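Structure, as structure tokens:
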Amino acid sequence: MIRGRGERDYGSVLLGSASDGPTKRRVRIQTILTGSIVLSNFVGAVVTISLSSVGIPEPSTFAPEMWWINYIAVPIYVALAFVIGIGWGTYTITRDLRWAIRRQPPTAADARRTRRVAGRLLRLQAALWLGAVVMFTIMYGIQSPMLIPKMFFVIGLSGAVVVGVTYLLIELALRPVSADLISAGYRRRKRSGVLSRAVVAWIVGSATPIVGILLLVSFGAFRQDTSKLDLFVGVFVLAVISLGTGLLLTWLTTTSVTGPLRSVRNGMNKVQAGNVDVDLVVYDGTELGDLQVGFNSMVSGLRERERMRDLFGRHVGREVAEAALSSDPALGGTERTVAALFVDVIGSTTLAAERSPTEVVEILNRFFAVIVRAVEQQRGLVNKFEGDAVLAIFGAPIDLDDAAGAALCTAREIARELERRVPELSAGIGVGFGPAVAGNVGAIERFEYTIIGDPVNESARLSELAKRDPRRPLASGRTVDVANPQEAAHWEEQETTSLRGRTEETRVYAAVVDD
Numbered sequence: 259m260i261r262g263r264g265e266r267d268y269g270s271v272l273l274g275s276a277s278d279g280p281t282k283r284r285v286r287i288q289t290i291l292t293g294s295i296v297l298s299n300f301v302g303a304v305v306t307i308s309l310s311s312v313g314i315p316e317p318s319t320f321a322p323e324m325w326w327i328n329y330i331a332v333p334i335y336v337a338l339a340f341v342i343g344i345g346w347g348t349y350t351i352t353r354d355l356r357w358a359i360r361r362q363p364p365t366a367a368d369a370r371r372t373r374r375v376a377g378r379l380l381r382l383q384a385a386l387w388l389g390a391v392v393m394f395t396i397m398y399g400i401q402s403p404m405l406i407p408k409m410f411f412v413i414g415l416s417g418a419v420v421v422g423v424t425y426l427l428i429e430l431a432l433r434p435v436s437a438d439l440i441s442a443g444y445r446r447r448k449r450s451g452v453l454s455r456a457v458v459a460w461i462v463g464s465a466t467p468i469v470g471i472l473l474l475v476s477f478g479a480f481r482q483d484t485s486k487l488d489l490f491v492g493v494f495v496l497a498v499i500s501l502g503t504g505l506l507l508t509w510l511t512t513t514s515v516t517g518p519l520r521s522v523r524n525g526m527n528k529v530q531a532g533n534v535d536v537d538l539v540v541y542d543g544t545e546l547g548d549l550q551v552g553f554n555s556m557v558s559g560l561r562e563r564e565r566m567r568d569l570f571g572r573h574v575g576r577e578v579a580e581a582a583l584s585s586d587p588a589l590g591g592t593e594r595t596v597a598a599l600f601v602d603v604i605g606s607t608t609l610a611a612e613r614s615p616t617e618v619v620e621i622l623n624r625f626f627a628v629i630v631r632a633v634e635q636q637r638g639l640v641n642k643f644e645g646d647a648v649l650a651i652f653g654a655p656i657d658l659d660d661a662a663g664a665a666l667c668t669a670r671e672i673a674r675e676l677e678r679r680v681p682e683l684s685a686g687i688g689v690g691f692g693p694a695v696a697g698n699v700g701a702i703e704r705f706e707y708t709i710i711g712d713p714v715n716e717s718a719r720l721s722e723l724a725k726r727d728p729r730r731p732l733a734s735g736r737t738v739d740v741a742n743p744q745e746a747a748h749w750e751e752q753e754t755t756s757l758r759g760r761t762e763e764t765r766v767y768a769a770v771v772d773d
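In the numbering used here, the protein residues as written are 259 to 773.
Here it is as structure tokens:
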């Protein structure tokens, strides 16, 4: 189950959501890839025109004898380059990413082909621009040998810009596909991937234009007819190009870094708010992807910890679980003054004989649900499920100002709710009060939190007497004596008797039944 996904699953709204359908996803990837090729080549064309006409105007490429190059050869090559670049790119994507478009699990062969897509597109763009460098340097050089260094530099610089921009844009467009490969287990971490992106941005956006400026100044120094204005214009244009391409490449590089970081930050905010049901889409194959994987591993551990905490709390009680998790539990206990509530089903043997095991379990579960709900409302602890009986404690491990009153109120609530919600059975309910030892009992390898003492025995014996009239829970006189007056008013003295296993007589109180 994938959690926490949204509109920025892949670090950009342009890439959509991980839950997009095959058609929508194919259109997105194809559009972004095609747009990337068009955009990068448009930037290259602008750089070429700016440098050849304004930045390095001399020697001019617009001499009359060069009309066939400017108006026939150049347009035909550009058109063919666009058709080949976009057509071959579309064919490559459709062929190698067929599994991703159809949302099928990738095979090892699919993974290998997919990893080659970006390289093939980059090599295609580089080959087309290299062809332009060779062809037009030769063509213009035949007309004027002085144009050879100019055309080689201008077209070469433009091609470098195109390849750099294309590299970063293709990585952006292929994030959804990379995420699918990584999730399928085909993760091949790039060494120093973030550094590689930064180096590409620096080479294309800064180093290459600066080299161009140095070459321009060097050419100007050896050409007698180069004026200061020509040098100024050339350097100015190259500087503007450097600023523009540098800004574009820096933005693309920064986006490739901030996308994964933003996803981790958003995920951490959700975890900090208490929501651990969140997984990040891992789409980056660099060190940033390691960060995303690490976050998912951390959240997975937190989810497992919460699941174990919840399961532990269901078995031993929330308060006991919290105390055990917050400290190092040990054997032994402390003396506490507590109220014990014991609930025992009447006629459980007959119930099991007359009904199927499935029906018995269903009835008992409804019976236990009533007891647990009532006990927890008064901040008590359901300490044991003993077959068809339940022992609940008030005053340990949580201290209560009126443990006796809470236990008495719970006993009356259970009697009412059982009659209404579980009419198939009835139970005797007894409440005792006094000092007891609360703590961990057993062996160091396996122990449980429990209460040992007279209140537990007293409540169990009273529950036996209460089976005479299940509507009226019974409590010891000392329990009613220490309870708050409002609760004590709901109880009346019934008899004084010697409970089984006790030497002293016990004053027995019964809950007043409201007619």
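All C-beta atoms in this analysis are idealised placements derived from N, C-alpha and C, irrespective of residue type, glycine included.
Since the model is a prediction, treat every value here as computed from it, not as a measurement.
Straight-line measurement puts the Cα of residue 388 at about 23 Å from the Cα of residue 502. With 16 or more other CB atoms across the displayed protein chains lying within 10 angstroms of its CB, residue 364 is buried. Listed in chain order, the non-local C-beta contacts of residue 374 below 8 Å within the same chain comprise 354, local neighbours out to five positions each way being set aside. For the pair residue 665 and residue 689, the CB atoms are nearer than the 8 Å cut-off. Take residue 628, set aside five residues on each side of it, and the residues of its chain with a beta-carbon closer than 8 Å to its own are 672, 675, 676, 679 and 680, in chain order. Residue 693 is bridged by DSSP to 595.
Residue 685 carries a strand assignment under DSSP once its states are collapsed to helix, strand and coil. Distance from the CA atom of residue 410 to the CA atom of residue 395, rounded to whole angstroms, is 6 Å. The three-state secondary structure of residue 711, taken from DSSP, is strand. A residue is called buried when at least 16 other Cβ atoms come within 10 angstroms of its Cβ; residue 403 does not meet this threshold and is exposed. In the pairwise beta carbon analysis, the region 418-431 is classified as touching the region 503-522: at least three pairs are separated by under 8 Å. At a Cβ-Cβ threshold of 8 Å, residue 601 and residue 687 count as neighbours. With a cut-off of 8 Å on Cβ pairs, the region 532-539 is in contact with the region 550-562, counting three or more such pairs. Fully enclosed beta strand (DSSP E) runs of no fewer than 3 residues occupy 732-734 and 749-756 of the region 718-756, in order along the chain. By the beta-carbon neighbour count (other beta carbons within 10 angstroms, threshold 16), residue 709 is buried. Across the structure, residue 384 and residue 279 are spaced so that their CA atoms are roughly 33 Å apart. Under the three-state reduction of DSSP, residue 394 is assigned to helix.
By the beta-carbon neighbour count (other beta carbons within 10 angstroms, threshold 16), residue 530 is exposed.
Annotation: the region 300-337 contains no complete segment of the alpha helix (DSSP H) (minimum length 4 residues). As a beta-bridge residue in DSSP terms, residue 764 pairs with 755. The DSSP assignment places 639-644 and 647-652 as complete runs of the beta strand (DSSP E) inside the region 602-657, in order along the chain (cut-off: 3 residues).
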